[in-house]
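Below is one structure, written out as structure tokens; comments come after it.
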Amino acid sequence: MSTLWPRIEPLLARVEKPARYVGSERGSLRPVHRPGQVSWLLVYPDTYEVGLPNQGLQILYEILNERDDAVAERSYAPWVDLTAELRSAGVPLFSVDTHRDAGGFDVLAFNLSAELVFTNVLECLDLAGVPVRSEHRRPEDPLVVAGGHCAFNPEPMADFVDAFVIGEGEEVVGEVAEVVGAWKRAGRPGREALLRELATIRGVYVPALYDVEYDGARLVGVHPRHPDVPERVERRTVSDLADWPYPKRQLVPLIEVVHDRLNVEIFRGCTRGCRFCQAGMITRPVRERPEEQVRTMVRDGLARTGYEEVALTSLSSADFSGIDGVVAHLVNEQEGCGNVSVSLPSLRVDAFSVGVASEIQKIRRTGLTFAPEGGPGGSARSSTSASPKRTSTPRWTPPTRRGGGG
Ligand code: SF4
Numbered sequence: 190m191s192t193l194w195p196r197i198e199p200l201l202a203r204v205e206k207p208a209r210y211v212g213s214e215r216g217s218l219r220p221v222h223r224p225g226q227v228s229w230l231l232v233y234p235d236t237y238e239v240g241l242p243n244q245g246l247q248i249l250y251e252i253l254n255e256r257d258d259a260v261a262e263r264s265y266a267p268w269v270d271l272t273a274e275l276r277s278a279g280v281p282l283f284s285v286d287t288h289r290d291a292g293g294f295d296v297l298a299f300n301l302s303a304e305l306v307f308t309n310v311l312e313c314l315d316l317a318g319v320p321v322r323s324e325h326r327r328p329e330d331p332l333v334v335a336g337g338h339c340a341f342n343p344e345p346m347a348d349f350v351d352a353f354v355i356g357e358g359e360e361v362v363g364e365v366a367e368v369v370g371a372w373k374r375a376g377r378p379g380r381e382a383l384l385r386e387l388a389t390i391r392g393v394y395v396p397a398l399y400d401v402e403y404d405g406a407r408l409v410g411v412h413p414r415h416p417d418v419p420e421r422v423e424r425r426t427v428s429d430l431a432d433w434p435y436p437k438r439q440l441v442p443l444i445e446v447v448h449d450r451l452n453v454e455i456f457r458g459c460t461r462g463c464r465f466c467q468a469g470m471i472t473r474p475v476r477e478r479p480e481e482q483v484r485t486m487v488r489d490g491l492a493r494t495g496y497e498e499v500a501l502t503s504l505s506s507a508d509f510s511g512i513d514g515v516v517a518h519l520v521n522e523q524e525g526c527g528n529v530s531v532s533l534p535s536l537r538v539d540a541f542s543v544g545v546a547s548e549i550q551k552i553r554r555t556g557l558t559f560a561p562e563g564g565p566g567g568s569a570r571s572s573t574s575a576s577p578k579r580t581s582t583p584r585w586t587p588p589t590r591r592g593g594g595g
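Position 391 of the sequence shown, counting from 1, maps to 580 under my numbering, and the rest follow consecutively.
Written out as structure tokens, the structure reads:
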């Protein structure tokens, strides 16, 4: 699989933002593909500006590239101008790291962050030259995997995705890589064999192995077709965030993107359990990152990226038990962190303390986002910022891993 760059480069002169497609960001990799490895293309099915800051994709990118048996690259949904150029020139969807043909990867992994990206997934598959419907794929076609918050309701995409990962992805991507690697070494003995093996991984739902029963438009039952296929797919959750201090090399974009700052996840889950909140339900239980690790990630991340703003992210950052200490440390430590601005992008009003407020007002720019209706995962938020340019918005967390996102 060689680079498509000589065919892509001439097209970029005719599109609005060529920098979306060139890669080479600080923190990015130019992975070498070695025989025997499982190659992953992690696709964020939205524009570069939305997809690049996604922490879930960046976490899995690092974890997979740290493995000897896997290699991972990134791709984002091309904007309509490049899509037209690609179709006109007969050039397929490509990775931004080494500009390889998406259809040549072993695994295409999509992050389903919102239902609105579903059609972009289909567009990406079509651009990649991969059959859009799972049933039409051949053994040589990539395995199409999806994770993220919308994977918790997989049926709308069940005809197009070979396997969904339900829950957090840090551990399960390695298990999927091992299964795909073994299947490749066995000579790719049919997709059914691969799907049956994938279905044995905890947290993996393979829709082709289930009969789904509807009563009109209402789903009333999901029944496994084989005795070795689990009746109930159990959500994957990493038990200790301290084991996963990712991303270690946060990507620094080439152009302005959303959430253009250092992001450090301080905990997953939410203590509140509001009944209307998907994120609060599916990211349980609450798991905090050790305070010292938060400080280290902030210090190292700022030094490596050059950012002057750090966001302490979670579903409800003021509920972090060490928030006072971490904020005070950030505000008062002069070496490396003392002159940065701090964003707390997801705050319950009733959890925001006077101590945090008095510390945070000392620094030059600060972004706070409150959720006055009682929870940061809800619909009505109000933002305030000491800097008119720096307002914070809620974030969605990792695809598969992922934690927060309210
Ligand atoms: S709405 Fe906010 S406070 Fe309530 S469960 Fe969701 S994230 Fe937590």
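We put the CB at the ideal spot given by N, CA and C, even for glycine. Quick caveat, the model's predicted, so the values are computed rather than measured.
Near ligand 1: residue 461 beta-carbon under 7 Å from a heavy atom: What you label residue 461 is simply residue 272 of the sequence shown in a count that begins at 1. True, at least one ligand heavy atom lies under 7 Å from that Cβ.
N- and C-terminal bounds of the beta strand (DSSP E) containing residue 542: Reading the sequence shown from its first residue, position 353 is the one you call residue 542. Note, residue 542: premise wrong, no beta strand (DSSP E); not H, not E.
Segment limits, alpha helix (DSSP H) that includes residue 533: The residue you call residue 533 lines up with position 344 of the sequence shown. Counting along the chain, residue 533 sits inside no alpha helix (DSSP H); it lies in the beta strand (DSSP E) bounded by residues 530–537.
Proximity test, residue 468 beta-carbon vs ligand 1 heavy atom, cut-off 7 Å: For the purposes of this step, residue 468 is identified with residue 279 of the sequence shown, where counting begins at 1. Annotation for residue 468 indicates a beta carbon within 7 Å of some heavy atom of ligand 1.
For residue 332: DSSP bridge partner residues: Position 143 of the sequence shown, counted from the first residue, corresponds to residue 332. In the DSSP output, where bridge partners are listed per residue, residue 332 has 296.
Extent of the continuous beta strand (DSSP E) run through residue 264: Here residue 264 refers to the residue found at position 75 of the sequence shown. Where residue 264 is concerned, the enclosing beta strand (DSSP E) stretches over 259–265.
beta-carbon residue 501 near ligand 1 non-hydrogen atom, thresh 7 Å: Taking the first residue of the sequence shown as position 1, residue 501 is located at position 312. Residue 501: no, Cβ never under 7 Å from ligand 1.
Residue 361 vs residue 227 beta-carbon contact at 8 Å: In the sequence shown, counting from the first residue as 1, residue 361 sits at position 172. In the sequence shown, counting from the first residue as 1, residue 227 sits at position 38. No, these two residues do not count as a Cβ contact at 8 Å.
Beta-bridge pairing of residue 353 - partner residues as DSSP gives them: Working through the sequence shown from its first residue, we reach residue 353 at position 164. DSSP output for residue 353 lists 335, 394 as bridge partner(s).
Meets three-Cβ-pair contact criterion under 8 Å: the segment 239–253 and the segment 421–441: Contact holds between the segment 239–253 and the segment 421–441, because three or more Cβ pairs, one in each stretch, are under 8 Å apart.
C-alpha gap between residue 318 and residue 332, whole angstroms: Counted from its first residue, the sequence shown places residue 318 at position 129. Counted from its first residue, the sequence shown places residue 332 at position 143. Spanning the two alpha carbons is a distance of roughly 13 Å.
Local conformation of residue 314 per DSSP, three classes: For the purposes of this step, residue 314 is taken as the residue at position 125 of the sequence shown. Three-state DSSP puts residue 314 in a helix.
Sequence-distant residues of the same chain with beta carbon closer than 6 Å to residue 587, five excluded per side: Position 398 of the sequence shown, counted from the start, is the residue given in the question as residue 587. For residue 587, the pLDDT reaches just 39, beneath the cut-off of 50, and the residue's location in the model is therefore unreliable, although a value from the coordinates is still provided. Cβ contact annotation for residue 587 (same chain, cutoff 6 Å, sequence separation greater than five): 244, 245, 248, in chain order.
Within-8 Å CB hit, residue 424 to chain C: The displayed structure is made up of one protein chain only, and chain C is not part of it.
Contact test: residue 315 Cβ vs ligand 3 heavy atom, cutoff 7 Å: With respect to ligand 3, the structure shown offers nothing to examine, as its ligands consist of ligand 1.
Contiguous alpha helix (DSSP H) assignments of at least 4 residues, all confined to the segment 459–510: With a minimum length of 4 residues, the continuous alpha helix (DSSP H) runs that stay inside the segment 459–510 are 467–471, 480–494.
Close beta carbons around residue 494, own chain, < 8 Å, minus the five adjacent residues each side: Counted from its first residue, the sequence shown places residue 494 at position 305. Around residue 494: 215, 216, 439, 441, 451.
Under the three-state DSSP convention, the category residue 407 falls into: If you number the sequence shown from 1, residue 407 lands on position 218. Of the three classes helix, strand and coil, the one that applies to residue 407 here is strand, per DSSP.
Endpoints, alpha helix (DSSP H) assigned at residue 250: Translated into the one-based positions of the sequence shown, residue 250 becomes position 61. Note, residue 250: alpha helix (DSSP H), 244–254.
Residue 597, buried or exposed, once every other Cβ within 10 Å from all chains shown has been counted against 16: The structure shown has nothing for residue 597, since the chain only spans 190 to 595.
Whole-angstrom distance between residue 345 and residue 339, CA atom to CA atom: For the purposes of this step, residue 339 is taken as residue 150 along the sequence shown, with counting starting at 1. For the purposes of this step, residue 345 is taken as residue 156 along the sequence shown, with counting starting at 1. Between the alpha carbons of residue 339 and residue 345 lies a distance of about 10 Å.
Contacting residues, own chain, Cβ-Cβ under 6 Å from residue 301 (five flanking each side not counted): For this step, residue 301 is matched to residue 112 along the sequence shown. 335, 337, 339, 340, listed in sequence order.
Contact under 8 Å by Cβ, residue 211 with residue 271: For the purposes of this step, residue 211 is taken as the residue at position 22 of the sequence shown. For the purposes of this step, residue 271 is taken as the residue at position 82 of the sequence shown. Contact: no.
Cut-off 7 Å between Cβ atoms - residues of its own chain near residue 513, not counting five sequence neighbours on either side: Counting from one through the sequence shown, the residue named residue 513 turns up at place 324. These residues qualify, in order along the chain: 542, 544, 545.
Sheet register partners of residue 400 (DSSP bridge): Reading the sequence shown from its first residue, position 211 is the one you call residue 400. Answer is 412, bridged to residue 400.
Check: residue 533 C-beta below 7 Å from any heavy atom of ligand 1: The sequence position of residue 533 within the sequence shown is 344, counting from 1. Residue 533 has its CB no nearer than 7 Å to any heavy atom of ligand 1.
Test item: CB-CB of residue 394 and residue 349 under 8 Å: Here residue 394 refers to the residue found at position 205 of the sequence shown. Here residue 349 refers to the residue found at position 160 of the sequence shown. No.
Which listed residue (347, 384, 304) has its alpha carbon closest to that of residue 327: By 1-based counting over the sequence shown, the position of residue 327 is 138. Nearest of 347, 384, 304 to residue 327, Cα basis: 384.
Residue 229 - containing beta strand (DSSP E), residue span: Along the sequence shown, read from residue 1 onward, the residue named residue 229 stands at position 40. Unbroken beta strand (DSSP E) run through residue 229: 227–233.
Assigned secondary structure, residue 320 (DSSP; H/G/I helix, E/B strand, else coil): As a first step, residue 320 must be located in the sequence shown, where it is residue number 131. Here DSSP, grouped into helix, strand and coil, assigns residue 320 to coil.
Residue burial classification, residue 564 (beta-carbon count within 10 angstroms, cutoff 16): In the sequence shown, the residue the question calls residue 564 occupies position 375. The predicted position of residue 564 is uncertain, since its pLDDT is 46 and thus under 50; a value taken from the coordinates is nonetheless stated next. Flag for residue 564 reads buried.
Reduced DSSP category for residue 361 - H, G, I as helix; E, B as strand; rest coil: Translated into positions along the sequence shown, residue 361 becomes position 172. DSSP places residue 361 in helix when its eight states are reduced to three.
Check: residue 537 C-beta below 7 Å from any heavy atom of ligand 1: For the purposes of this step, residue 537 is identified with residue 348 of the sequence shown, where counting begins at 1. The nearest non-hydrogen atom of ligand 1 is less than 7 Å from the C-beta of residue 537.
Nearest neighbour of residue 432, chosen from 472, 476, 202 [CA to CA]: Counted from its first residue, the sequence shown places residue 432 at position 243. Out of 472, 476, 202, 476 has the C-alpha closest to the C-alpha of residue 432.
Residue 504: CB within 7 Å of a non-hydrogen atom of ligand 1: Against the sequence shown, residue 504 aligns to sequence position 315. Indeed, a heavy atom of ligand 1 lies less than 7 Å from the Cβ.
Alpha carbon of residue 579 to alpha carbon of residue 309, nearest angstrom: The count along the sequence shown starts at 1 and reaches residue 579 at position 390. The count along the sequence shown starts at 1 and reaches residue 309 at position 120. Per-residue confidence for residue 579 stands at a pLDDT of 30, beneath the threshold of 50, marking its modelled position as unreliable; the derived number appears in the next sentence. Distance between the alpha carbons of residue 579 and residue 309: 29 Å.
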